[in-house]
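To keep things clear, I will list the structure first and then write my remarks on it.
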Amino acid sequence: MLKKLSFALFDSGETILGALIFSTLFPLYITKYVDPKIYSVVYGLAFFISFLFALFLGKLADEKGLRKTFYVLFVGLTSAMSVFLWLVYENPFYSLLFFVLMTIFHQQAFVFYNSLLLDFERRGFVSGLGVAFGYVGSAVALIFLAKYLQLPNAYIVVGFIFFVLALPSFFFLENPTQKAKVSLKEVFKDKGFLVLIISILSLTEVANTVVAMMGIYLKEVYSLNQLDIYKTIGFSAVGGIFGGIFWGKLVDIFSVRKIFPFGFVLWICFVLILPFVPKSLVVFAGFLAGISLAHLWTTSRVFVIDLFPDSQVSVRLSFLSLTERVASTTGLLVWSFFLYVTDNNFRVSAFLMVGFPIIGAFVFFVFFRRFIQKA
231 MLKKLSFALF DSGETILGAL IFSTLFPLYI TKYVDPKIYS VVYGLAFFIS
281 FLFALFLGKL ADEKGLRKTF YVLFVGLTSA MSVFLWLVYE NPFYSLLFFV
331 LMTIFHQQAF VFYNSLLLDF ERRGFVSGLG VAFGYVGSAV ALIFLAKYLQ
381 LPNAYIVVGF IFFVLALPSF FFLENPTQKA KVSLKEVFKD KGFLVLIISI
431 LSLTEVANTV VAMMGIYLKE VYSLNQLDIY KTIGFSAVGG IFGGIFWGKL
481 VDIFSVRKIF PFGFVLWICF VLILPFVPKS LVVFAGFLAG ISLAHLWTTS
531 RVFVIDLFPD SQVSVRLSFL SLTERVASTT GLLVWSFFLY VTDNNFRVSA
581 FLMVGFPIIG AFVFFVFFRR FIQKA
C-alpha cells in the first residue's frame, strides 16, 4: 500500500502546484506587465516545446530504461524553478522565462510519472487513487491555502509542498525496466494510436472546458452567490474522489478496454442534461461532473499503457499529455465562439459542446474498433 500512496501523493502535489501557481497566482501576476494574449501565446509555445522534449526524452527513457531517473530529475527541476521565481519576482521578463522552464520541466515530470504505472499490477486502482488524491489536493489548495498565500513567498511554499509530496515516490516506486528500440517514425505512422489520441482529445476538450468555466456557468445561469458556487465545486471534488476509486476498481475488475469506452456515453449524457438541470439539483450535477472527470483521468492513461508495448510507454504518454494541454486552449476557444453566436446564451452553448464527445465516439467506435480487435 505504501507504493500506491507514494504514487497518489505526487498527484496531490501536482494538483496543488497547478491550482495555485499555473492557474491562479502566476497568470494574475504576469498579466499586469504582459498582454494576456501574448502570455497565452507564450504559454502555448511552452507546451509545444514540452511535447517535443517529451518525445525525445521519452524515446531515450524507453530505450535506456531511464523513466524513474527522468521523473526524479524533472521533479527536482520543477521545484528548483519555484526558488528562481521567488528570486526574480521583481523582474517580469525573468519571471516569465523561469515560469516557461517550470512549465516544460513539470510536463516532463508528469509524463514520466504516468509511465511509473508500469510498476503496478492493479493499474486501474492506482491510477484512480492518484486522481482521488489529486482532487483532495485541489480542495486543500483552494479552501485552506489560497487565501493565505501571496507572491513571491507562495512560490517557495507551493514548490516545497510539491517536492515533499513527490519525495516518497523517489524511495518507494521502482523504475520499470522494460527496454526496446523506439522509432518515432513508426509511432507517428501508427494510425490506430493517432485515432485513439484524437478520440481522447475530444473528451478532454469538453472536460477542460467544464473545469475552466464551471464557476462562471453557475453564476450566469443560476445566479449563485460565491458560497454556493464553492459548495457546488466542492461536491464536484467529492465526485472526483469517489469516481477515481470507483472507476479504478472497475478497470481492475472488468479491464480498461471495457471501462474506457463508457466515457463517451458518460460525457454525452452529462452535456445533454446539463442545460436542463434545475437549480435545486445543481449540486448533484456538480457531483456528476466530478465522476465524469475522474473517469477520463483514471482510465485514459491506463488505456494507453494497456494497449501499446510497455517498452514505448513514455513516448506514447507524451501524446496523452499533449491532448490535455491542447484541449485547454481549443476547448475554450470553441466555447467562446458558441457564446458569441448564441448571444451569450450559456445553456445553449453548453448543449452545443456535446459535439465533442459525439465526434470522439464516432472516431473511436467506427475507426478504432478494428484496431482494438487486433490488439
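Everything in the sequence shown is counted per my numbering, starting at 231 for the first residue and increasing by one. Every residue gets a Cβ at the ideal spot worked out from N, C-alpha and C, and that includes glycine.
Three-state class that DSSP yields for Q337 in the structure shown: It is helical.
Pair within 8 Å by beta-carbon distance, T434 and E554: For the 8 Å CB-CB criterion, T434 and E554 form a contact.
Sufficient close CB pairs (3 or more, under 8 Å) joining the stretch 285-299 to the stretch 536-555: Segments in contact, yes.
Rounded C-alpha distance that separates S453 from N574: Our two residues, S453 and N574, have alpha carbons roughly 15 Å apart in a direct line.
Local conformation of F281 per DSSP, three classes: DSSP places F281 in helix when its eight states are reduced to three.
Distance CB(V486)-CB(F533) smaller than 8 Å: Pairing V486 with F533 gives a Cβ-Cβ distance under 8 Å.
Burial state of I430 (16 or more Cβ within 10 Å): A residue is called buried when at least 16 other Cβ atoms come within 10 angstroms of its Cβ; I430 meets this threshold and is buried.
Beta-carbon proximity list for G274, same chain, < 7 Å, skipping 5 on both sides: T559, listed in sequence order.
Three-state secondary structure (DSSP) of D540: DSSP places D540 in helix when its eight states are reduced to three.
Sub-8 Å separation of A608 and F240 beta-carbons: One cannot answer for residue 608 here, as it falls past the ends of the chain, which runs 231 to 605.
Cβ separation of V388 and I260, assumed to be a contact under 8 Å, to the nearest whole Å: Actually they are not in contact, since the Cβ atoms of V388 and I260 sit about 16 Å apart, beyond 8 Å.
Best match in V330, F392, M332 for proximity to G367 [C-alpha to C-alpha]: Measuring from the Cα of G367, the nearest candidate turns out to be F392.
Candidates L569, S510, Q337, of which the one nearest F549 by Cα: Nearest C-alpha to F549 among L569, S510, Q337: Q337.
Alpha helix (DSSP H) segments (min. 4 residues) lying fully within the stretch 496-561: Here the runs fully enclosed are 512-537.
Chain-order list of residues whose beta-carbon lies under 6 Å from that of M583 (same chain, five-residue window excluded): The answer, listed in chain order, is V436, V501.
First through last residue of the alpha helix (DSSP H) which encompasses M311: Bounds of the alpha helix (DSSP H) holding M311 are 297-317.
M231 classed as buried or exposed, judged by whether at least 16 other C-beta atoms fall within 10 angstroms: Burial call: exposed.
Cβ-Cβ separation, I535 to L348 (assumed contact under 8 Å), whole Å: Contact between L348 and I535 holds, with the beta-carbon distance rounding to 7 Å and staying under 8 Å.
N-terminal and C-terminal residue of the alpha helix (DSSP H) that P587 is part of: First-last of the alpha helix (DSSP H) with P587: 585-592.
Stretch-stretch touch, CB-based, cutoff 8 Å, three pairs: the stretch 411-427 with the stretch 461-476: Taking 8 Å as the limit for Cβ pairs, the verdict is that the stretch 461-476 does not touch the stretch 411-427.
Per-residue burial, E351 [other beta carbons within 10 Å of its own, 16 or more giving buried]: With a threshold of 16 other beta carbon atoms within 10 Å, E351 falls short and is exposed.
Residue burial classification, S399 (beta-carbon count within 10 angstroms, cutoff 16): The residue in question, S399, is buried, as its Cβ has 16 or more Cβ neighbours within 10 Å.
F278, buried or exposed, once every other Cβ within 10 Å from all chains shown has been counted against 16: Of the other Cβ atoms in all chains shown, fewer than 16 fall within 10 Å of the Cβ of F278; this residue is therefore exposed.
Supposed contact pair P322 and V264 - C-beta distance, whole angstroms, cut 8 Å: With a Cβ gap of about 7 Å, V264 and P322 count as contacting.
Helix, strand or coil at Y263 [DSSP, three-state]: If DSSP states are grouped into helix, strand and coil, Y263 belongs with coil.
Residue burial classification, N344 (beta-carbon count within 10 angstroms, cutoff 16): The residue is buried, with at least 16 neighbouring Cβ atoms inside 10 Å.
Beta-carbon contacts of S312 that lie in its chain and below 6 Å, excluding the five residues immediately before and after: Here the set comprises Y385, G389.
Straight-line Cα distance separating K449 from R577: Near 12 Å, if we compare the C-alpha coordinates of K449 and R577.
Three-way DSSP call (helix, strand, coil) for Q408 in this model: Of the three classes helix, strand and coil, the one that applies to Q408 here is coil, per DSSP.
Neighbourhood of V451 by C-beta, 7 Å cutoff - its chain only, sequence neighbours within 5 removed: Excluding positions up to five away in sequence, the list reads F576, R577.
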